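The next block holds one structure in the form of structure tokens; read it before the comments.
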Amino acid sequence: MDVLIKIKDREGIVHQLQAPTDMAMNIMELCKAYELPVEGTCGGMAMCASCQCYVLNAVALPEMGEDEEAMLSEAFYVKSNSRLGCQIPITESLEGLELELAPES
7 MDVLIKIKDR
17 EGIVHQLQAP
27 TDMAMNIMEL
37 CKAYELPVEG
47 TCGGMAMCAS
57 CQCYVLNAVA
67 LPEMGEDEEA
77 MLSEAFYVKS
87 NSRLGCQIPI
97 TESLEGLELE
107 LAPES
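Each residue of the sequence shown is one higher than the one before, starting from 7 at the first, in the numbering used here.
Right under this line is the structure:
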């Protein structure tokens, strides 16, 4: 099953992406699959913040882990709604999620 996720890129363009829930992907990998400008330099280990995004609506997300909190405490352009895309697995509960890519640091 696919879920619809909207992601606003750094130019303000909103992309409506079909995200598969059966491939164990995360938001960072989804962005890369659709060729959105997300580096994911650390390969999804919560060590670089190059996949930082802002959550724009109230969709239930997994709790932030210690590694993600630590990385965001050192990252640039962090807001109260910041998350690392690599730490958000794509599940059916993400249907309708709206995100915005954080500026590149």
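We put the beta carbon where it would ideally sit given N, CA and C, even for glycine.
Note that this is a predicted model, so its numbers are computed, not measured.
The residues A52, L90, Q93, in chain order, have a CB closer than 6 Å to that of E74 in the same chain once the five nearest residues on each side in sequence are set aside. Less than 7 Å separates the beta-carbon of Y83 from that of P109. Ranked by how close their Cα comes to the Cα of L23, the residues N87, I33, E35, L10 have L10 in first place.
In the displayed model, L100 falls within a helix according to three-state DSSP. Where L78 is concerned, the enclosing alpha helix (DSSP H) starts and stops at 72 to 80.
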